[in-house]
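Asks: Following this message is one structure expressed as structure tokens.
Number of protein chains: 2
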Amino acid sequence: MDINEALYTTRAMRRVSSDPVPDDIVKAMMDAAIRSPSGGNSQNWRWVTVADRNTIVTIGDLYSDAWAQLNETFYKGKAEQARSSGDKATVRVMNSAQWLADNFAQVPLVVFPYHRNDPSGASIYPAVWSLMLSARSQGIGTCLTTVLGTFKHQEVADLLGVPVEKGWINAAAVTCGYPLGKWGLAKRAPAHLVTYSETWGEPPTWTIDEPLWKPDDR
Amino acid sequence: MDINEALYTTRAMRRVSSDPVPDDIVKAMMDAAIRSPSGGNSQNWRWVTVADRNTIVTIGDLYSDAWAQLNETFYKGKAEQARSSGDKATVRVMNSAQWLADNFAQVPLVVFPYHRNDPSGASIYPAVWSLMLSARSQGIGTCLTTVLGTFKHQEVADLLGVPVEKGWINAAAVTCGYPLGKWGLAKRAPAHLVTYSETWGEPPTWTIDEPLWKPDDR
Chain A
-16 MDINEALYTT RAMRRVSSDP VPDDIVKAMM DAAIRSPSGG NSQNWRWVTV ADRNTIVTIG
44 DLYSDAWAQL NETFYKGKAE QARSSGDKAT VRVMNSAQWL ADNFAQVPLV VFPYHRNDPS
104 GASIYPAVWS LMLSARSQGI GTCLTTVLGT FKHQEVADLL GVPVEKGWIN AAAVTCGYPL
164 GKWGLAKRAP AHLVTYSETW GEPPTWTIDE PLWKPDDR
Chain B
-16 MDINEALYTT RAMRRVSSDP VPDDIVKAMM DAAIRSPSGG NSQNWRWVTV ADRNTIVTIG
44 DLYSDAWAQL NETFYKGKAE QARSSGDKAT VRVMNSAQWL ADNFAQVPLV VFPYHRNDPS
104 GASIYPAVWS LMLSARSQGI GTCLTTVLGT FKHQEVADLL GVPVEKGWIN AAAVTCGYPL
164 GKWGLAKRAP AHLVTYSETW GEPPTWTIDE PLWKPDDR
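This is the structure we're talking about:
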């Protein structure tokens, strides 16, 4: 797959089938992930791949709890506000996250990256994103969520046997599976509206009327 | 470029020539960056692209200071220890970072991503990595550094006019330019040594004797 197709179409793909992700694909995802650069080439990461049904059911319960907590706190009123203001994009994200909360038990694979001595996240998230791009290129949809690490860090660590006392911090849970939905370009604010030239607030010399890569370019 | 070539060969490329990075490439890098998913699709990012010679000279001075501070604190003794123990990989990283400190003024482009309401970094760093992968696919070498954000956050904000009082946090400085060195596979601990299956400490069913993608596959 061309790099641009991967970069432009790897969107959060929460709705996946229960078909297992083959070991060869997991292996290729992991091999791609660990190629990314890390601060001082420290590679201070460990990854736990979970496919066991019972474990995933338990993780699903934790995710549902965490998602409910998020809705009662940071996202409070967000879904309703989006619905009443006609903000379809946000409604779609909220519905999709709710689908995951309701159907987590059928997700065939969840990858848990852990890191330490990486306070900004600048080392682990490029590797996580490489894993997701590699998955995309092999037809696997992924979704990165931090709600388990935020609200259920200890519970997940206990479940997976993570020695958190040694400084390991959960960076994410990445759900993986064959997509039920379609790949495609997600809507984004155009780059020239979020990019400044030389100093904050100065627009760049260029504008982008439509995405520079489109599915027709395939 | 194939996705695997980008994922496997985008390494920290600090040594770059002073040749300017064309606007069309900057535009394509930015358009690729903003396609990545962010938490709740919040896209809570702004990017400042700096090519002005005077600004880059000043940033270079700040970088040299920050690099010296890092060597006096977190990295204290690291270079010497690596040299005496024959750890060539670490010596190379340290030499390369020193090169950047000594030659920052000739870097033709530095991109500063800013984010807010993204405490883990899970939203900004995938976008930053997409920028770097897109750059790689267009022949531009990049290096992500967090030392300016760590040691010179206010100085950089003052220089670029960033309204930090509104919550904007510097995620990185990404140096960009045409590489003086060669692209190639960086050495990494094999994936099966850092991946666990189902629970922490359990090896996966697979091993990886050599990288699954190699330059010959091109």
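Chain order of the listed sequences is A and B.
All letters in the first sequence, in the order written, are residues -16 to 201 by my numbering.
All letters in the second sequence, in the order written, are residues -16 to 201 by my numbering.
We treat Cβ as the ideally placed atom computed from N, Cα and C, and that holds for glycine.
Fair warning: this is a prediction, and the values are worked out from it, not measured in the lab.
Any beta-carbon of chain A closer than 9 Å to the one on residue 59(B)?
Replies: no
Asks: Quick one: using the 10 Å Cβ neighbour count with 16 as the cut-off for buried, is residue 82(B) buried or exposed?
Replies: exposed
Asks: Leaving aside the five residues before and after residue 213(A) along the sequence, list all residues of the same chain whose C-beta is less than 6 Å from its C-beta, in chain order.
Replies: Limits of chain A in this structure are -16 at one end and 201 at the other, which puts residue 213(A) out of reach.
Asks: Helix or strand or just coil, what does DSSP make of residue 144(B)?
Replies: In the structure shown, residue 144(B) adopts coil according to DSSP, grouped into three states.
Asks: Based on Cα-Cα distance, which residue from 91(B), 4(B), 17(B) and 110(B) lies nearest to residue 39(B)?
Replies: 91(B)
Asks: Can you give me the Cβ contacts of residue 149(B) inside the same chain, cut-off strictly under 6 Å, excluding the 5 residues immediately before and after it?
Replies: none
Asks: Mind checking who residue 98(B) pairs with in its DSSP beta bridge?
Replies: 28(B) and 152(B)
Asks: Near residue -9(B), what residues of its chain come up, given a Cβ to Cβ distance below 7 Å and the 5 sequence neighbours on each side ignored?
Replies: 168, 194 and 196
Asks: Please state the DSSP three-state secondary structure of residue 56(B).
Replies: Coil, per DSSP.
Asks: So, for residue 11(A): in the same chain, excluding its five sequence neighbours on each side, which residues have a beta-carbon less than 8 Å away from its beta-carbon?
Replies: 117 and 121
Asks: Can you give the Cα-Cα distance for residue 60(A) and residue 131(A), rounded to whole angstroms?
Replies: 21 Å
Asks: Kindly identify the DSSP beta-bridge partner or partners of residue -15(A).
Replies: -15(B)
Asks: Beta-carbon of residue 18(A) versus every beta-carbon of chain B: anything under 9 Å?
Replies: yes
Asks: Could you list the residues in the stretch 148 to 164 of chain B with a C-beta less than 8 Å from some C-beta on chain A, going in chain order?
Replies: 154 and 155
Asks: Quick check: is the beta carbon of residue -14(A) nearer than 9 Å to any beta carbon in chain B?
Replies: yes
Asks: Using only the alpha-carbon positions, how far apart do residue 123(A) and residue 20(A) sit?
Replies: A direct Cα-Cα distance of roughly 23 Å separates residue 123(A) from residue 20(A).
Asks: Quick check on DSSP: helix, strand or coil for residue 41(B)?
Replies: helix
Asks: Please classify residue 14(A): is it buried, with 16 or more other beta-carbons within 10 angstroms of its beta-carbon, or exposed?
Replies: So residue 14(A) counts as buried.
Asks: With 8 Å as the C-beta to C-beta threshold (strictly closer), list the residues of the stretch 80 to 100 of chain A near chain B in chain order.
Replies: none
Asks: Against residue 194(A), what residues of chain B qualify as contacts under a CB-to-CB distance less than 8 Å, listed in chain order?
Replies: 14 and 18
Asks: Using the Cα positions of residue 67(A) and residue 51(A), report the straight-line distance between them to the nearest angstrom.
Replies: 20 Å
Asks: Taking 9 Å as the CB-CB limit, is residue 24(B) close to chain A?
Replies: yes
Asks: Under 9 Å between C-beta atoms, does residue 131(A) make it to chain B?
Replies: no
Asks: Assuming the contact rule is C-beta atoms closer than 8 Å, residue 203(A) and residue 17(B) should be a hit. Round their C-beta distance to whole Å, please.
Replies: A question about residue 203(A) goes unanswered here, because the residues of chain A that appear run from -16 up to 201.
Asks: Please list, in chain order, the residues of the stretch 176 to 194 of chain B that have any C-beta partner in chain A closer than 8 Å.
Replies: 177, 178, 179, 180, 181, 182, 183, 184, 187, 188, 189, 191 and 194
Asks: Between residue 108(B) and chain A, is the shortest Cβ-Cβ distance under 9 Å, so that the two count as touching?
Replies: yes
Asks: Are residue 111(A) and residue 33(A) touching if we call contact CB-CB under 9 Å?
Replies: no
Asks: Output yes if chain A places a C-beta closer than 9 Å to the C-beta of residue 143(B); else output no.
Replies: yes
Asks: Jot down the residue ranges of each uninterrupted alpha helix (DSSP H) in the stretch 70 to 95 of chain B, minimum 4 residues, whole runs only, in chain order.
Replies: 71 to 86
Asks: I need the straight-line Cα distance from residue 161(B) to residue 109(B), nearest angstrom please.
Replies: 22 Å
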